[in-house]
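This report refers to the structure that appears directly beneath it.
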Amino acid sequence: MNTFLESLRSALESIRAHGFRSLLTSLGIIIGVTSVIAVVSIVQGMSESINAQFAGLGSNSLTVRSHTPFKQAMQGKYSKLQDSDMRAIVRQVDGISHVTPVLYANTGSRGGISYRAQSATSNIMGIGPSYLKVNGIYPQSGRFFTRDDENRRRLVCAIGVDIIENLELPKDPIGEFFLIGNNWCKIIGVIEKRGEILGFSQDNYVLLPYATARRIIGNTRRDLDIQVQLLVEDMNRMEEVKSRIRRVLRIQHKLKAGQPDDFKVQTAEQLTESFNAVINTVTAVSAGIVGISLLVGGIGIMNIMLVSVTERTREIGILKALGATRNNILLQFLIEALLLSLIGGLVGVALGYGAGALVAAMLPGFPPAFVPLWAVLLSFGFCAAVGVIFGIIPAAKASQLDPIDALRYE
Amino acid sequence: MATTSAEPIVIQLRDIYRTYIMGDQVLNALDGVSLDIKQNEYVAVVGSSGSGKSTLMNIFGCLDRASKGSYILNGTDVGDMSENELAKVRNRQIGFVFQSFNLLSRATALKNVMQPLVYRGIPLAERKEIASQALEKVGLGDRMGHLPNELSGGQRQRVAISRALVGNPDILLADEPTGNLDSKTSREIMRLIDELHDQGQTIIMVTHEADIAKHCNRVISLEDGKVSSDTKQVKSR
Ligand SMILES: Nc1ncnc2c1ncn2[C@@H]1O[C@H](COP(=O)(O)OP(=O)(O)OP(=O)(O)O)[C@@H](O)[C@H]1O
Ligand SMILES: [Mg+2]
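Going line by line, the protein sequences match chains A and B. The first sequence begins at 11 in this note's numbering and counts up one residue at a time. The second sequence begins at 11 in this note's numbering and counts up one residue at a time.
The following block contains the structure:
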């Protein structure tokens, strides 16, 4: 333990003595970890918000949302789903029991909520009265919106149980006011706990009457893009209802025979699947980035450590003459490599989170960035492994030096 | 020097060879050296350049191993020792002073002197205490925070001597300790080494200069890796 502490001390001194070079040495690791954490923070931010959207969707539910075909996206034209589309579905499709629009407002800074000194981010959704039914959730206390709330666009809301904790609201928050953006909003109901999916809490959300949400968000977004969630009366008629909705929307959007759909009608299962496919791809790609950049970073560290061993040959000779054992020298150089790598990891995590937050804040419609603890721990774990793996060769080389040869080295 | 014969033997060399093989050339830098060094002896090793003085010192100091022959240090055969045991011997039984000082360039005088104590597992505070006392003994109490390149040659050698002695070694080995110093500084360093001998330190020193060899009470001459003469004398200062 004592030797370890001494090695740590001298490794730190050596890193400090070569400040700038140490930074350059760690650069590979820094870049690797930065990009990974940035990607993870964005993806996780997205998945947290998307997961919240899926939660509770029953197997007889359908979700209709806009989808921009690739060709169209290239032209910069983004598809939308509007109130008129929903009305058309309600009017022209049979076999539907409940329909609700869902307007997501968790866009960057607009997802911000605060109560007294506490602030947090949340998924803010504007919804119709059928939302509870479609998603199978119930208020555990207070009440839900009335027609009157909707018609008068009242600033009232129902909240998920996480909000109480996040904003440090009183145990019974009914009747309290908190800020959504710059709007004071009164809590009239608390929705019962939904639990977690894939490790993400499903209870961090604020529900507003649809008309109210439009009032708050509508100021800044001219053409709103909504989702439509609905329940099919008879599970066996699911496919029939789906194709009926397709037909209605194609006419509604004036699509010609050859044109692809600019929307998607999905079951809860399909939603989860397609979402997970995206997440998996991104995760795989970022794992690739980690692998390659940590490899490059590791080689960078090994390179510099080898140079450092050569440069400090005489110093190693002196230490051996003073009584350093092979293990003393090995440990010192190994810890130095390890520290370089971990410092790189630390800087990388900080920069990566910063980059992720910046990107998420700059892109409109992006949920806030979020770095899960496992990503941080994993990054440090990898960095430590890289430091040890790539540090061992230079450290072994240093420890094996013959004292006389090392002392003679010029 | 009648008293020396009663002192215990610290170093015993028997028929030591150090052979370098370069291509098809075989060079015996040490060619059958046998010596006994007793406690509190003050030995000068002299000889022309290339005669094997440094080679001998490195073997004394366990920095190098003999190719053949036996070296018994304080009753233990060094030839049987593992790498770790040799490191321990270098740390505890031997203090080495070099011609070119060999200080750790990035460490202050104090840290240089503290370094051997690191390998004895002595805690930091205690190390500082012992090392600063050692530096004060060589008259550098006011230079502890200086880096080697902020010290004069004489001061550097004092730091090196203080570092060699900080762990109370049995033997002080010095390979041309005044080789890089002017004559006035050399005299100061020699005065310091003389004092150490007076305090009972066993010292083996390589030197080119007859003036410096006079300080010692035994002079060993090397020639082509062999001991050509070994005389006791009354030291004069
Ligand atoms: N690593 C080595 N490889 C080959 N030959 C060596 C090596 N080290 C020393 N020698 C040879 O051994 C002989 C003795 O060298 P040594 O350094 O002991 O001489 P020295 O008496 O200390 O000389 P000086 O007074 O110049 O310091 C020399 O001929 C030298 O060339
Ligand atoms: Mg020499």
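The beta carbon of each residue, even a glycine, is placed where N, CA and C say it ideally should be.
Report the rounded CA-to-CA distance for residue i versus residue j, giving the unit in angstroms.
i	j	result
E160/B	G307/A	37 Å
I134/A	S284/A	23 Å
N337/A	S409/A	7 Å
M124/B	L113/B	12 Å
A184/B	V396/A	43 Å
R102/B	G177/B	6 Å
L356/A	I40/A	8 Å
A379/A	M248/A	36 Å
V369/A	A405/A	40 Å
D192/B	S246/B	20 Å
S119/A	D213/A	For S119/A, the predicted structure reports a pLDDT of 47, less than 50, and the residue's modelled location is therefore unreliable. A value from the coordinates is still provided. About 19 Å.
G62/B	T29/B	11 Å
T195/B	T188/B	8 Å
N150/A	R31/A	The sequence given here places Gln at residue 150/A; Asn does not occur at that position. Those two C-alpha atoms are separated by around 59 Å.
E93/B	I328/A	16 Å
I190/A	S124/A	7 Å
Y52/B	S20/A	36 Å
F343/A	S76/A	57 Å
E17/B	E23/A	45 Å
I think residue i touches residue j, with their Cβ atoms under 8 Å apart; what is that distance to the nearest whole Å?
i	j	result
G122/A	S129/A	6 Å
H218/B	M200/B	Contact doesn't hold; Cβ gap of about 13 Å is too wide.
V242/A	G105/A	6 Å
Y27/B	D46/B	Incorrect: roughly 18 Å between the Cβ atoms, too far for contact.
A297/A	L352/A	Going by Cβ atoms, the distance from A297/A to L352/A rounds to 20 Å, so no, they are not a contact pair.
I52/A	A385/A	Actually they do not touch by this definition, with Cβ atoms about 11 Å apart.
G151/B	L145/B	6 Å
Anyone know if the C-beta pair for residue i and residue j falls short of 9 Å?
i	j	result
P382/A	V50/A	yes
Y220/A	G138/A	yes
V20/B	N84/B	yes
L33/A	I345/A	no
V144/A	S89/A	no
A54/B	V216/B	yes
T222/A	E160/A	yes
Y129/B	T291/A	no
I171/B	V229/B	no
A367/A	V398/A	no
L217/A	F155/A	yes
V56/B	C72/B	no
L127/B	S142/B	no
R153/A	I198/A	yes
V74/A	D93/A	no
Q109/B	N50/B	no
L182/B	I213/B	yes
I255/A	V275/A	yes
I104/B	P179/B	yes
In three-state terms, what does DSSP make of residue i?
i	result
F187/A	strand
M154/B	coil
R197/B	helix
M91/B	coil
Q22/B	strand
T78/A	coil
D180/B	coil
H10/B	Look at the range of chain B in this structure, 11 to 247, and you will see that residue 10/B is not part of it.
Q85/A	coil
F155/A	coil
D412/A	coil
R204/A	coil
K330/A	helix
L191/B	coil
Here's a check: name, in chain order, each residue in its chain whose Cβ is nearer than 7 Å to the Cβ of residue i, leaving out the five neighbours to either side.
i	result
K98/B	none
V258/A	A98, I99, Q102 and V103
S303/A	G38, I41, G42 and S45
N229/A	Low per-residue confidence applies at N229/A: pLDDT is 49, beneath 50, and the placement is therefore not dependable, though the value from the model is reported in the following sentence. There are no such residues.
N193/A	L165 and I226
S77/B	Y27, R28 and T29
Whose C-beta lies closer than 6 Å to the C-beta of residue i among residues of the same chain, with five residues either side of it excluded?
i	result
L341/A	S17
G38/A	V306, G307 and G310
I236/A	L91, P111 and L113
L411/A	I326
D240/B	I230
Using a threshold of 8 Å, is the CB atom of residue i nearer than that to any non-hydrogen atom of ligand 3?
i	result
Y30/B	Looking at this structure, you won't find ligand 3 anywhere; what it does contain is ligand 1 and ligand 2.
Along chain E, which residues have their Cβ under 9 Å away from the Cβ of residue i?
i	result
Y129/B	Looking for chain E here will not work: the only protein chains present are A and B.
Given residue i, which residues of its chain have a CB within under 8 Å of its CB, disregarding the five upstream and five downstream residues?
i	result
S69/A	M245, T277, A278 and E279
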